[in-house]
Every structure is written in structure tokens, then in C-alpha cells.
Amino acid sequence: MKPYYITTAIDYTNAAPHIGHAYEKVLADVMARFQRKNGREVYFLTGVDQHGQKVQKSAEKAGLSPQEFVDGITEHFTALWEKLNVRYDGWAATTDDRHKRVVQAILQRLHDAGQLYKKSHKGFYSVRQEQFLTDKERGPDGTFAEEWGEVVELEEENWYFRLSDHVDWLKAFIQSHPSFIFPANRAKDVLNALEGSGQDLCISRPIERLSWGIPLPFDPRFVNYVWFDALTNYISFAGYLAEDCGNDLMPEFSRIWPADAHVIGKDILVPPHAVYWPIMLHALGFTDAQIPQLVVHGWWNVKGAKMSKSLGNVINPDALADTFTPDGLRYYLMRDIATGQDSDFSDERLIMSYNKELAGGLGNLLNRSLNMAHKYRGGTLAATGYDDAENAALRQTVAEALPAYISAMNGWAIHDGIAAAWKIVTHANAFVDSTKPFSLAKDPAQSARLDSVLYHLAEALTHVAVLLSPIMPEAMAKARDQLGWEMPAGFHFSDLSWGLLADGHQLGSPQPLFPRLEIETPMA
RNA sequence: GGCAGAGUAGCUCAGGGGUAGAGCAGAGGACUCAUAAGCCUUUGGUCGGGAGUUCAAAUCUCCCCUCUGCCA
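Sequential numbering from 7 applies to the first sequence in our numbering.
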């Protein structure tokens, strides 16, 4: 089977990462880990978009070279992914020479195929913002606002990509491929945008205006501008043209393409990912079957408002991971949003999800189960042949959780996947109260039953510690450690069946998995 | 103005033709293995409004209202 190839958007290295960056990478990481446990070979690519005007300006302001500036910001991202246990297989940095070679090769091919042309554009240009202005930027009185500074009329030559040649193909493709965009209803936005847009795409900037970019191989007075640099990371780091470009350490492109999921935010669906990208691939000769799939996630708002620097409500994932542990944050980010929808970020709910669910629900269940097993049996499990309806009911809950979990996760409904696994936690907590192992321990006649209860708890918890491992890799590894069960190499969800723990299994010592946090005041 | 999403319990949200669901918050209770955790019971909603289709509508259709986003 083809490896599961998943990517995220590459982040622009102009400022430090916020919670939205973290959400997207964790989402992709969870899916990558899920697919691995589900038996697929996985290639997970993420990275940073490092070229462009803003970086060039910010670097100048900071008195650094663009590369130095970009390297500094990039470290913020890689350090955060390290901290949040985002484990990628490929790192797409657009200043990587291997990437630059592929971009140039692509541009040369399109140039040779007549897909690029040079054209002169005359218009109003903002010196301060270094960009051409359109009528959109005009105020109601027809003048340009103060923020644009000095506006001059300017004529400039640039290279264009014949986007309009492929619009009809794209419309037909979208209509005949409903799985191209998840969630499917977003396809209407794209078709909407395609109506009446016969514009070609400007892909260059004169080198005097922008030097921090990839030079056009056929016209070195220009540097590539944005999309042929940024979007192409999905193929350049997947091994596209690797041989022609002399790129080593790349995946075998024909094996892993097309991508099973380009995980992106809804802000960059139209036009870049749903219009430019498929058309770029189509122009390069990719067939319909080689067009990747897009997974569009929503945004975390803060108290109903968009997160923005000017509102001062930017959430810092690094600090949250310190307070709630990386897995506590990952859990919240996955359980409190439906993939594709927006959600409201809330301190109260983050604290609740950690203290009530992770600490009080799952963590306490592990702790009380192990504690009793140690207190009554020295931590050794025994198979006794005792069984009853209560035991059978718990086994059934465990058995039913797996298919529900897998189906939810495959459909990107991570919150439903968590809920499916959580049914085991809820049932097991109730199971303790109904079977009362602490009472059974006082009655020697109930010895066999006590053993069966302790076994059922430990076994059920082992299943939970596998199912939730894509969401909380570190904490679930600790849980398995406490359970004394090491997941065999190459263990897959399909290997989950009752009886992972053997007769005579020795449990580890209990230690609070998610220590309860005393937080009174919600943090800002 | 067009398109999309949302409008369901005090709060956050799930569900999506067949007696209204979860978590949190509130109330009461029993228990004690445990991270002052967990368990049981319970209060609480004419599912934005109106009309229609149907034996049956929160769910489908149409109209309208409010919020959000994108586009013009």
C-alpha cells in the first residue's frame, strides 16, 4: 500500500508561532501517528516558508542578514514542535538548496512549455508597503489611505503564469472529485471564486525590489514571488525531480505521491491551495489521479473574536505546554474542536479538560486501579477463570471502542475518536464502584472475583493507553510503563484484542499521570 | 448584494426523519481503592421565527431574523 503522505502549511518565519500554528501541526501529527498505528507507512512533512518581502524588511530592521533572521525565527518553530512532540519525517525549509533547485527546474519546464510570459503592468504603487495597489485599497473618496504612505504611478515588467488556461479543467475536476476538499462544503467557495476570474498569476518581482527569493532561471533580473516557492515544497521535499536536481535523502516520489492530506487553515484554501496549487500541478503534467487532497481546519477564536496581535489576545502555546504539559495541551486542542469548524479557546475549558478529564477521569482511574492491585495482590495479575456479566460488559465496551475510534479518526473527527476511547474510561470508573474491589479484598471467598476485577481494569487501561497514544504520546507511554506493558514494535490497532496482559503479569508502580493543577485565576 | 458556516439545557457544544443528548456548572445521596478524584440520582430546552412535505420534522423544502467569515 502507498505510504500515507501528510503535510501541513509551512509557516511564515516573520514572527513566533501562536496557538493556531500549534493546532495545525498537532492535528497533522495526531493523524500521522494514528495512520502509523493503523498499519500505514507514513511520511509527515512540515516546515517553514522563509523567503519574501516581509522577511527581507524585518531582517533589515533587526540589522541581520535575511538568512540569519530566518534561522532565528525558525528555531522558535522547531523548538515548539520538539516540545509538543510533533514528530515529522521531512522538514521543508524553503531556503534549502534542494528545494531551490526543484523550484527552478519547475519554472524552467513551465517556461519551456510556454506557460509563462512577461508582461508590463502600470499602476499605483505604495513605496512604504512595496506593493501595487488596486481599487480595493481606495477609500470611498477615491484616494489611498494614510497607511499606504506615498503612492506613485509606476510601470513594471513581471512574469506571469497562464492560470486562466486551466480554470475550466479545475472547475470540472472539483465537480467530479468531491473528496478533493474536506470538509466537502468548502468546495463551493472555490467554485464561487473561479466564476469570472480570468486573471493570470504574477509570479515574479524585479530583483531591485525583492532580492530575498529564488531567481528565475531564464531571467535572473527577477526573483520568484511566493507561490511557486511555497506550495512546491509539497513535491520538492517529497522527491519530485530529485534525480534531475541531484537531490539526495529524499523519499521516492512515485511511491508517496499524491499527498493524502495537505492540512491547511481555511484562510489559505482560496485561492492558493484550491486554485493555484492544483493548476500548477496540472500544468506540470500531473494527472487527475495525482492531485492531492486538502484537509481544511478552522480557527481558534478567543472569546468570539479573531486572534490578532492588535487585540493583544494571541495565545502562546509554549507557555500553555509548560502549565498543562504538552500532552495536556494536545488533548485540549484535539477534544474541543470539530475538525473543519472554528472553536473558542477558553482557559476555563482547558483547565476543566485537564483537571476533570485527564486528572480526575483517566489519571485517577489508572492510579486507583494500580494502587488496589498493589495493595491486594502485590501488583501481580492472575487469571482465575471467574467471570460474570459485569466483566463481560466492560470487555464489550472495550471491544466496541476500537471500530468506533478508527472510523472517527479516519474521517478526521478526532474529538469523536477521543470520545469513543473515553467510553472505556467512563465505564471502568463505574466498574470500580459497582464491583467494589476494596470490599472484595476483605472477603477471602471473593478472591477469584477480585483477581478478575483487577485484571479487567488493567487490561482495559492498556487498551486506552494504545488508543489515545496518537493524541497523547508521552503520557500514554508513561501509562503503559506504569501498567508494565511494553507495546511491541510494529504493534497496530488491529492487534488490539482482549488479553494483552498475561496471567502473572507484573504491574508497575502507580504515579499520578496528570497531577491535578491548582489554578484559580484563568490565565490570560 | 452573493456564497458558506453557525443559531439545541445557565455555559461550551455534539447529533441530524421515529419518545430531546454529552461535558461543565447547580441540587441531593451512597461509598472510600484513588490525584478533596470516582459513582448514583436529579433540576434544566416549545432544538432562532414562520409556513410546507410526511403517519412522524431539531432533522427535509421554502421564506424570514441574528451572528461570523469569505467574496463583490
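Just so you know, even glycine gets a beta-carbon here, dropped at the ideal spot from N, CA and C. A quick note: this is a predicted structure, and the numbers were derived from the prediction, not measured.
- Message: Quick check: the Cα distance between K448 and Q517, rounded to an integer number of angstroms?
- Response: 25 Å
- Just the Cα atoms here: how many angstroms apart are F40 and D348? 23 Å
- Task: Taking only runs that begin and end inside the stretch 249-337, name each unbroken alpha helix (DSSP H) of 4 or more residues, in chain order.
- Result: Here the runs fully enclosed are 259-262, 283-289.
- Message: Is it buried or exposed, Y123, if we count other Cβ atoms within 10 angstroms and call 16 or more buried?
- Response: exposed
- Task: Give the DSSP-derived three-state secondary structure of Q121 in the structure shown.
- Result: coil
- Which value, in whole angstroms, describes the spacing of the CA atoms of R93 and T52? Rounded to the nearest angstrom, the two C-alpha atoms are 9 Å apart.
- Task: Look at the Cβ atom of W306, then the Cβ atom of Y18, and state whether they are nearer than 8 Å.
- Result: no
- Message: Using a Cβ-Cβ cutoff of less than 8 Å, which residues in the same chain neighbour A68 once the five nearest sequence positions on both sides are dropped?
- Response: F75
- Message: Buried or exposed, going by whether 16 or more other CB atoms sit within 10 Å of the CB of F444?
- Response: exposed
- Task: Within the same chain, show all residues whose beta-carbon is closer than 6 Å to that of F259, passing over the 5 residues directly before and after it, in chain order.
- Result: A244, G245, Y246
- Y49 to A395, Cα distance in whole Å? Near 44 Å, if we compare the C-alpha coordinates of A395 and Y49.
- Can you tell which of L300, D254, P221 has its C-alpha closest to the C-alpha of V536? Since the first and last residues shown for the chain are 7 and 530, residue 536 lies out of range.
- Cut-off 6 Å between Cβ atoms - residues of its own chain near N435, not counting five sequence neighbours on either side: L371
- Quick one: residues in its chain with C-beta nearer than 6 Å to the C-beta of S5, no 5 flanking neighbours on either side, listed in chain order? Only positions 7 to 530 of the chain appear in this structure, which leaves residue 5 out of reach.
- Compare the beta carbon distance of H531 and K43 with 8 Å and say whether it is the shorter of the two. No statement about residue 531 is possible, as the shown extent of the chain runs from 7 to 530 and does not include it.
- Query: Using 8 Å as the Cβ pair cut-off and three pairs as the minimum, do the stretch 79-98 and the stretch 51-66 touch?
  - Reply: yes
- Ordered along the chain, which non-local residues of its own chain (more than five positions away) have a Cβ less than 8 Å from that of M340? V32, L33, V36, I420, H421, I424, I477
- Task: Thinking F188 and G346 are a contact (beta carbons under 8 Å), I'd like their distance in whole angstroms, please.
- Result: 7 Å
- T80, DSSP secondary structure in three states: The answer is helix: DSSP assigns T80 an H, G or I state.
- If you draw a straight line from the C-alpha of P278 to the C-alpha of W233, how long is it? 7 Å
- Task: Determine, using beta carbons only, whether N361 and R522 come nearer to each other than 8 Å.
- Result: Yes, these two residues count as a Cβ contact at 8 Å.
- Message: Could you compute how far the alpha carbon of W87 sits from the alpha carbon of Q135?
- Response: 32 Å
- Item | For L152, the residue or residues it bridges with in DSSP | For the sequence presented, residue 152 should be read as Glu rather than Leu. According to DSSP, which records beta bridges pairwise, E152 is partnered with nothing at all.
- Go through the stretch 173-249 residue by residue and report every complete run of the beta strand (DSSP E) that reaches 3 residues or more, in order. 210-212, 225-230
- Message: Less than 8 Å between C-beta atoms, sequence neighbours within five positions excluded: which residues of the same chain meet that for H183?
- Response: D294, I297
- Item | Neighbourhood of K429 by C-beta, 7 Å cutoff - its chain only, sequence neighbours within 5 removed | T403, A407
- Task: Check whether the Cβ atoms of L287 and L387 sit closer than 8 Å, and answer yes or no.
- Result: Taking 8 Å as the cut-off, the beta carbon of L287 is found no closer than this to the beta carbon of L387.
- CB contact flag (F150, V158, <8 Å): Contact flag unset, no.
- Task: Just mark L160 as buried or exposed, buried being the case when its beta carbon has 16 or more other beta carbons within 10 Å.
- Result: exposed
- Item | E480 and N239 closer than 8 Å at C-beta | no
- Item | Three-state class that DSSP yields for V48 in the structure shown | strand
- Under the three-state DSSP convention, the category L139 falls into: strand
- Query: The alpha helix (DSSP H) with A419 in it runs from where to where?
  - Reply: Neither: A419 is in no alpha helix (DSSP H) and is coded neither H nor E.
- Where the alpha helix (DSSP H) containing N91 begins and where it ends: Unbroken run through N91: none, as it is neither H nor E.
- Task: Since I believe Q110 is in contact with I220 (beta carbons under 8 Å), could you give me their beta-carbon distance rounded to a whole number of angstroms?
- Result: 6 Å
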